[in-house]
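Let me begin by presenting the structure, written as structure tokens, before commenting on it.
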Amino acid sequence: MSELQPFAQETLRGLIRTWTDFERRLAKVPVLRRLDTGTFSVQDYQRLLFNLRAQVVEGARWITRAASSFDRHHADVRSIIISHAKDEHRDYEILEQDYVRAGGELEAIQAGERNIGSEALAAFLMHQATQPNPVDMLGAMFIIEGLGEKMASSWAARICELTGLPENATTFLGYHGVNDESHMERFYTMLDRVATTPERVAAIGKTARVVARLYALQLEELDNV
Amino acid sequence: MSVYLTQSACFLPGEPVDNERIETVLGRVHGKPSKLKRRILKSNGIITRHYAIDEQQQTTVQNEEMAVAAGKLVLERAGLEPRDIGMLAVATTQGDYVLPGFGSQVQAGLEIPRVELLTTHGICSCAMMALKGAFNAIKLGDQSTALVISSELCSRLLKRQRYEAASDSIGAQRGLDFNAEFLRWMLSDGAGALLLADKPASRGLSLRIDWIRSFSHADSYPVCMSVGNSGKGENAPKAWQDYETYAEAEIDGALLIRQDVRLLEHIVKLGVDGFLALIEEGVVDVPKIDHFLCHYSSHYFRGKIVDMLSKAGAMVPEERWFTNLYTKGNTGCAAMFIMLDEFLQSGKAQAGETVFCHVPESGRFNTVYMQLTCVEAA
Chain A
1 MSELQPFAQE
11 TLRGLIRTWT
21 DFERRLAKVP
31 VLRRLDTGTF
41 SVQDYQRLLF
51 NLRAQVVEGA
61 RWITRAASSF
71 DRHHADVRSI
81 IISHAKDEHR
91 DYEILEQDYV
101 RAGGELEAIQ
111 AGERNIGSEA
121 LAAFLMHQAT
131 QPNPVDMLGA
141 MFIIEGLGEK
151 MASSWAARIC
161 ELTGLPENAT
171 TFLGYHGVND
181 ESHMERFYTM
191 LDRVATTPER
201 VAAIGKTARV
211 VARLYALQLE
221 ELDNV
Chain B
226 MSVYLTQSAC
236 FLPGEPVDNE
246 RIETVLGRVH
256 GKPSKLKRRI
266 LKSNGIITRH
276 YAIDEQQQTT
286 VQNEEMAVAA
296 GKLVLERAGL
306 EPRDIGMLAV
316 ATTQGDYVLP
326 GFGSQVQAGL
336 EIPRVELLTT
346 HGICSCAMMA
356 LKGAFNAIKL
366 GDQSTALVIS
376 SELCSRLLKR
386 QRYEAASDSI
396 GAQRGLDFNA
406 EFLRWMLSDG
416 AGALLLADKP
426 ASRGLSLRID
436 WIRSFSHADS
446 YPVCMSVGNS
456 GKGENAPKAW
466 QDYETYAEAE
476 IDGALLIRQD
486 VRLLEHIVKL
496 GVDGFLALIE
506 EGVVDVPKID
516 HFLCHYSSHY
526 FRGKIVDMLS
536 KAGAMVPEER
546 WFTNLYTKGN
556 TGCAAMFIML
566 DEFLQSGKAQ
576 AGETVFCHVP
586 ESGRFNTVYM
596 QLTCVEAA
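Top to bottom, those sequences are chains A and B.
Under the working numbering, the first residue of the first sequence carries the number 1, and numbering increases by one thereafter.
Under the working numbering, the first residue of the second sequence carries the number 226, and numbering increases by one thereafter.
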């Protein structure tokens with residue numbers, strides 16, 4: 001496997017560390033700690049989906065916004081981001097179906113209000129995505145893609161095991177693992193392309209840290225609207 | 226003051242035991258072969274190991290006797306007398322007695338007079354804690370010579386009688402408990418000893434200890450490897466001594482050695498995190514690492530994390546890895562010293578080369594790193 005150019009390598013090393021720090025923080029979030037200790041309930045799962053939905057709905061919007069903020073000199077990056085957005089921009093519908101299969105009411109989740117963590121996360125992402133050539137969004141993508149993979153590899157089956165819910169109640173969490181390898185290759189290509197100066201290394205790293213913190217906040221503040 | 230690792234030795238009890246004979250030594254639980262053995266052995270890749278128990282599961286050599294044997298051999302190799310040792314630092318996961326400290330027993334066995342003593346306790350990483358204690362004492366100028374020993378006798382925890390007595394454990398209730406059996410096919414016995422001094426040895430190669438650093442993450446994650454809890458959660462007593470009798474603790478499975486396999490993935494990532502932190506700090510320069518000694522087998526580092534580290538220019542090429550885990554087994558806290566001994570005796574190290582050691586402990590997630598530089602005789 002070929003190595004990245006030095007600035008991209010530095011960025012990637014920083015992103016891996018931010019990710020590990022994020023996972024460490026997630027391990028302490030009460031609802032996720034219950035997954036580790038084996039006391040996670042169906043109610044926990046419903047709350048989790050209920051609170052995740054807002055971010056998933058907003059996710060499609062900030063990715064497409066970010067794509068439109070790249071100028072013609074970054075058309076190649078824009079293409080990659082557009083195709084990524086197309087893959088995921090209606091994921092919240094899958095999440096809603098899972099919520100119903102887990103015993104929730106469709107109307108209830110659709111009427112759900114963003115918790116205070118989701119508000120902060122959505123506002124930050126939309127703001128950053130609106131800046132000209134927002135290369136720092138790669139930091140956000142790394143965290144959110146990583147979380148998708150974590151949901152698939154370590155949450156979905158564990159939730160079924162602990163709650164007795166059928167596999168088709170965790171399709172949203174489960175399916176993110178499928179395309180992971182091609183997503184990572186796409187990510188490395190973009191990183192190698194845009195992480196070309198110390199300023200960009202710093203910007204990508206900082207946005208990753210902010211997104212990781214706010215994402216954890218969203219999970220810490222379940223139902224706090 | 227610089228600190229040098231001037232000599233090493235190890236003690237491995239009995240003959241090597243291969244995968245076919247392993248269950249003859251540890252015993253078949255209720256006379257039945259294990260359903261998980263093959264799968265677990267395949268994943269850890271160990272081919273031979275040593276046990277301090279025989280085929281009747283009787284202990285053939287005590288933990289402290291193994292530590293003493295390794296200690297005596299290192300003194301002999303260095304041409305030193307016990308009285309030449311200023312500090313003795315000893316590590317084990319589980320001494321022969323609950324009390325006193327393991328180091329006291331080892332000092333008595335080695336007959337070292339008036340020594341400064343340190344006993345460290347933990348799992349795999351406690352040997353590195355002992356090593357750092359001794360390293361610091363020499364670096365500060367308090368001592369000029371220190372003997373560091375790490376010894377592990379875990380087969381007493383793994384023998385069939387332990388599982389048979391745990392008649393109301395999770396495994397007994399469900400017929401199978403992966404978490405309580407995982408380590409049965411992983412761990413084995415042995416001891417390693419290192420000699421530290423404030424100057425290089427008068428002959429042969431020495432290793433200057435550049436630094437030892439560690440990062441513990443017990444604040445973030447639940448217990449991953451333990452003895453003392455039944456694994457039954459809130460419905461059972463918290464710790465083995467909270468049962469009315471020790472017998473009840475054993476019946477409930479609170480004395481079995483357990484690994485929460487689901488949490489194990491974190492130790493690889495946290496190991497990587499510490500490594501990247503040291504790169505960021507500027508104390509590690511990956512291309513300069515000539516020999517990489519890791520307490521984990523390289524095949525645990527696979528898939529996405531390896532791709533990422535390779536992309537990020539932070540992967541030590543496989544040909545620079547040195548391990549003897551496959552032939553000497555995973556001897557817990559003794560493993561790194563036993564590996565260092567084989568590495569030094571192998572003659573692979575050349576003056577001027579950099580040796581990097583990594584000990585990740587899954588107990589409650591501690592990661593330790595050490596950098597050594599090979600130097601000529603003084």
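No residue lacks a Cβ here, since even glycine has one placed at the ideal position from N, Cα and C.
These numbers were taken from a predicted model, which means no experiment stands behind them.
- Taking a Cβ-Cβ threshold of 7 Å, the residues of chain A close to B/D498 are R17 and T20, in chain order.
- By the neighbour-count criterion, in which 16 or more other beta carbons inside 10 Å mark a residue as buried, A/I116 falls on the exposed side.
- About 6 Å separates the beta carbons of A/I16 and B/L501, which is inside the 8 Å limit, making them a contact pair.
- Residues of chain B whose Cβ lies closer than 9 Å to the Cβ of A/Y215 do not exist, since the nearest Cβ in that chain is about 16 Å away.
- Taking the Cα positions, B/E240 is about 12 Å away from B/E280.
- For A/H84, there is no enclosing beta strand (DSSP E); the enclosing alpha helix (DSSP H) covers residues A75 to E88.
- Under DSSP, the beta-bridge partners assigned to B/D243 are B/T273.
- In the DSSP assignment, B/A602 falls outside any beta strand (DSSP E) and carries neither an H nor an E.
- Given a length threshold of 3 residues, each whole run of the beta strand (DSSP E) inside the stretch 487-555 of chain B is given here in chain order: 516-519.
- Going by DSSP, A/Q43 is part of no beta strand (DSSP E) but of the alpha helix (DSSP H) stretching over V42 to S69.
- Taking a C-beta cut-off of 9 Å against chain A, the contacting residues of the stretch 467-488 of chain B are D485, R487 and L488, listed in chain order.
- Neighbours of B/H442 in chain A, taken as residues whose beta carbon is under 8 Å from its own, are R24 in chain order.
- Residues V29 and G117 of the same chain have their beta carbon placed closer than 7 Å to that of A/E220, with the five preceding and five following residues left out of the count.
- For B/C235, the enclosing beta strand (DSSP E) has its first and last residue at Y229 to F236.
- In chain order, S445 and Y446 make up the part of chain B whose C-beta sits under 7 Å from the C-beta of A/A27.
- Neighbours of A/L12 in chain B, taken as residues at a C-beta separation under 8 Å, are given in chain order as M533, K536 and A537.
- For B/W436, there is no enclosing alpha helix (DSSP H); the residue is found in the beta strand (DSSP E) stretching over S431 to S441.
- Per DSSP, the beta-bridge partners of B/C582 are B/L518 and B/M595.
- Contact with chain B is absent for A/L222, since none of that chain's Cβ atoms lies less than 8 Å from the residue's Cβ.
- Our two residues, B/I363 and B/H442, have alpha carbons roughly 28 Å apart in a direct line.
- Closer than 8 Å to the CB of B/K457 there is not a single CB belonging to chain A.
- At least 8 Å separates the CB of B/E240 from every CB of chain A.
- Proximity of A/G205 to chain B, defined by a Cβ-Cβ separation below 8 Å, is not satisfied.
- Contiguous beta strand (DSSP E) elements confined to the stretch 246-324 of chain B occur at 312-317, taking only those with 3 or more residues.
- For B/A405, no beta strand (DSSP E) encloses it; the enclosing alpha helix (DSSP H) starts and ends at F403 to E406.
- Per the Cβ contact rule, the stretch 425-438 of chain B is not in contact with the stretch 391-402 of chain B (fewer than 3 Cβ pairs under 8 Å).
- Per DSSP, B/L565 is one residue of the alpha helix (DSSP H) stretching across A560 to S571.
- Look at A/G148: its C-beta is not under 8 Å from any C-beta on chain B.
- Between A/L121 and A/L12, the C-beta gap is not smaller than 8 Å, which leaves the two residues out of contact.
- Our two residues, B/Y551 and A/Q97, have alpha carbons roughly 48 Å apart in a direct line.
- Between the alpha carbons of B/G499 and B/S439 lies a gap of roughly 8 Å.
- Scanning chain A for C-beta atoms nearer than 8 Å to the C-beta of B/L251 yields nothing, as the closest lies near 28 Å away.
- Taking 8 Å as the upper bound for CB-CB distance, A/I94 and A/T171 are in contact here, some 6 Å apart.
- Looking at B/Q368, B/E306, B/L365 and B/A316, the one whose alpha-carbon comes closest to that of B/P338 is B/E306.
- For B/I348, no alpha helix (DSSP H) run applies, since DSSP gives it neither H nor E.
- For the pair B/L298 and B/A418, the CB atoms are nearer than the 8 Å cut-off.
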